[in-house]
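Chains as they are written, first to last, in the working numbering: chain C, 1 to 201; chain G, 1001 to 1201.
Protein chains: 2
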Amino acid sequence: MAKGKRAAAMAENRAKLIRAARTAFATQGYADASMDELTAAVGLTRGALYHNFEDKKGLLWAVVEQIDGEMAERLRIVREQAPSLWLGLLAEGSAYIEMALEPEIQRIMLLDGPAVLGDPSKWPGENACLDITMRTIRALIEEGIVKPVDVEAAGRLLNGAALSAALWVAAADDPKSVLNKAVDAFRALASGLLREAREPA
Amino acid sequence: MAKGKRAAAMAENRAKLIRAARTAFATQGYADASMDELTAAVGLTRGALYHNFEDKKGLLWAVVEQIDGEMAERLRIVREQAPSLWLGLLAEGSAYIEMALEPEIQRIMLLDGPAVLGDPSKWPGENACLDITMRTIRALIEEGIVKPVDVEAAGRLLNGAALSAALWVAAADDPKSVLNKAVDAFRALASGLLREAREPA
DNA sequence: TCACTCACATACGAGGCGTATGTCAAGAGG
DNA sequence: CCTCTTGACATACGCCTCGTATGTGAGTGA
């Protein structure tokens, strides 16, 4: 019973650091986030940081992986609740746009993450969000609803469109009204993937 | 004649600094670019930098504005050479994707720029690229070729799709083959804006 | 010629990162 | 129960970079 005492404490400290990093990176941005302040906020020092993670960038990696997993899970739920695959794809897009409204996701995953860690397409967990989108598109192609386009290409562009929509909405003075325009435009673009001009149920 | 001697020298030094910054930011990234090295590379010191620009961020602003203007000019030429408005829009998208292959544009305009300066939609010169795309879409709507979607929304999402395509292509092991897939997918998505399913000439 | 301006260089202070070193609790073994 | 080892974390140090305050010399007008 007393065997895992150290390991448990270490895991907890790791979690605390990641939690602190999520808020610090989200509010101040990666570059302006001080590791001294960040660690002190949870009662630790930079020593704990460099022991648990490779370096500052390693901490960002851990944060990105965690958020990526959460986003994938949320998108999975949205997709499964939709009455059809096609509507699921559209719902995913809308959900993605709305998620990017959250400062944490916007700042860490969409701005600093790519700038510091490089292209998201090469992230481990290889962008679980994209993976989900691609699986949906593949299924739609097999059902004959979507044109036989390259699955990865379609997924990436669709995600990219949703991403820029999200950034636009987030920076808008009136996010609410802009959100509607963005979602409409997203559905229009997505319909370009359809085999028939008529949109399916 | 001897009147503008100081002003001319200053303009030249500004240009030299911007040129040096373009290469430094492109090769090392904004965060890792040292202002000492950058200025020394053109025979100046940080004194010149902080006299000509607000700060490091100000230098990035100047670089971004310059590149933005160049991109807009190149896109304008591509668009004007196309045989029709619709094909011009597609050509613009392809050209945009190809431009993002250039490390300078990719790193500065697509990665570090947004991370450091904030959302590109609020940049002065307000993203000349987007402006051009929006004008084209507006014309296409007036001609009845494109659905009456929100012009800004469509333009932003289309640019976003092209952007993510570019990042994907740039990071690919075999950019050539991936480029084709990306362009195809872009055309498919763009066709979703059409009023008729059939693509116009 | 002389005073003034201004573009730029030099010098300084603050802060952040990464690492080398120290320290103390938790387990192992006798 | 005592000692030894391990390892998680704290402390201390050096290096680099940014931004600013101050110095300086060429250019300019009277």
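Even for Gly, the Cβ is constructed at its ideal location relative to N, Cα and C.
Leaving out the 5 sequence neighbours to the left and right, which residues in its chain are closer than 7 angstroms to residue i when beta-carbon positions are compared?
i, result
"residue 49 of chain C", "17, 35, 39 and 59"
"residue 164 of chain C", "none"
"residue 86 of chain C", "140, 145 and 200"
"residue 125 of chain C", "65, 68 and 69"
"residue 2 of chain C", "The predicted position of residue 2 of chain C is uncertain, since its pLDDT is 40 and thus under 50; a value taken from the coordinates is nonetheless stated next. So the list is empty, once near-sequence residues are dropped."
"residue 29 of chain C", "107 and 112"
"residue 61 of chain C", "117"
"residue 134 of chain C", "151, 152 and 155"
"residue 187 of chain C", "90"
Along chain C, which residues have their Cβ under 8 angstroms away from the Cβ of residue i?
i, result
"residue 1088 of chain G", "Per Cβ cutoff of 8 angstroms: no residues; residue 1088 of chain G is ~18 angstroms from chain C at best."
So, at 6 angstroms on beta carbons, what are the nonlocal neighbours of residue i in its own chain, with the 5 sequence-adjacent residues on each side left out?
i, result
"residue 1082 of chain G", "1088 and 1091"
"residue 1175 of chain G", "1169"
"residue 207 of chain C", "Shown here, chain C extends from 1 to 201; a query on residue 207 of chain C therefore has no answer."
"residue 113 of chain C", "64"
"residue 1120 of chain G", "1114 and 1127"
"residue 1107 of chain G", "1026"
"residue 138 of chain C", "151"
Is residue i close to chain C, meaning its C-beta is less than 7 angstroms from at least one C-beta of that chain?
i, result
"residue 1191 of chain G", "yes"
"residue 1019 of chain G", "no"
"residue 1115 of chain G", "yes"
"residue 1146 of chain G", "no"
"residue 1171 of chain G", "yes"
"residue 1001 of chain G", "Low confidence applies here, because residue 1001 of chain G scores a pLDDT of 41, under 50, leaving its location unreliable; read the following figure in that light. No, residue 1001 of chain G does not count as interfacial toward chain C."
Strictly below 7 angstroms CB to CB, what residues from chain C border residue i?
i, result
"residue 983 of chain G", "Nothing can be reported for residue 983 of chain G, as the shown portion of chain G is limited to 1001 through 1201."
"residue 1181 of chain G", "150 and 153"
"residue 1031 of chain G", "31"
Using a Cβ-Cβ cutoff of less than 8 angstroms, which residues in the same chain neighbour residue i once the five nearest sequence positions on both sides are dropped?
i, result
"residue 141 of chain C", "147, 148, 149 and 151"
"residue 1057 of chain G", "1116 and 1117"
"residue 1019 of chain G", "1042"
"residue 1132 of chain G", "1072, 1075, 1076, 1079 and 1092"
"residue 136 of chain C", "79, 85, 88, 89 and 92"
"residue 46 of chain C", "35, 36 and 39"
"residue 1007 of chain G", "none"
Taking 7 angstroms as the threshold (beta carbon to beta carbon), is residue i in contact with chain G?
i, result
"residue 121 of chain C", "yes"
"residue 176 of chain C", "no"
"residue 168 of chain C", "yes"
"residue 154 of chain C", "yes"
"residue 63 of chain C", "no"
"residue 202 of chain C", "Within the shown structure, residues of chain C are numbered from 1 to 201, placing residue 202 of chain C beyond reach of any answer."
"residue 151 of chain C", "no"
On a Cα-Cα basis, can you pick out the residue from the options that is closest to residue i?
i, options, result
"residue 1190 of chain G", "C/29, C/85 and C/154", "C/154"
"residue 96 of chain C", "C/196, C/179 and C/10", "C/179"
"residue 1012 of chain G", "G/1052, G/1187 and G/1182", "G/1052"
"residue 183 of chain C", "C/171, C/104, C/94 and C/177", "C/94"
"residue 103 of chain C", "C/188, C/171 and C/196", "C/171"
"residue 1009 of chain G", "G/1044, G/1022, G/1021 and G/1037", "G/1044"
"residue 1143 of chain G", "G/1123, G/1098, G/1196 and G/1181", "G/1196"
"residue 1021 of chain G", "G/1105, G/1123 and G/1177", "G/1105"
"residue 122 of chain C", "G/1137, G/1173 and G/1047", "G/1173"
Cβ closer than 7 angstroms: which chain G residues qualify as neighbours of residue i?
i, result
"residue 186 of chain C", "1157"
Are residue i and residue j closer than 7 angstroms when you measure CB to CB?
i, j, result
"residue 1161 of chain G", "residue 26 of chain C", "no"
"residue 159 of chain C", "residue 193 of chain C", "no"
"residue 1100 of chain G", "residue 1166 of chain G", "yes"
"residue 1157 of chain G", "residue 185 of chain C", "yes"
"residue 31 of chain C", "residue 24 of chain C", "no"
For residue i, verify whether its CB is less than 6 angstroms away from any heavy atom of the ligand NAP.
i, result
"residue 127 of chain C", "Annotation note on the ligand NAP: not contained in the displayed structure, which lists no ligands."
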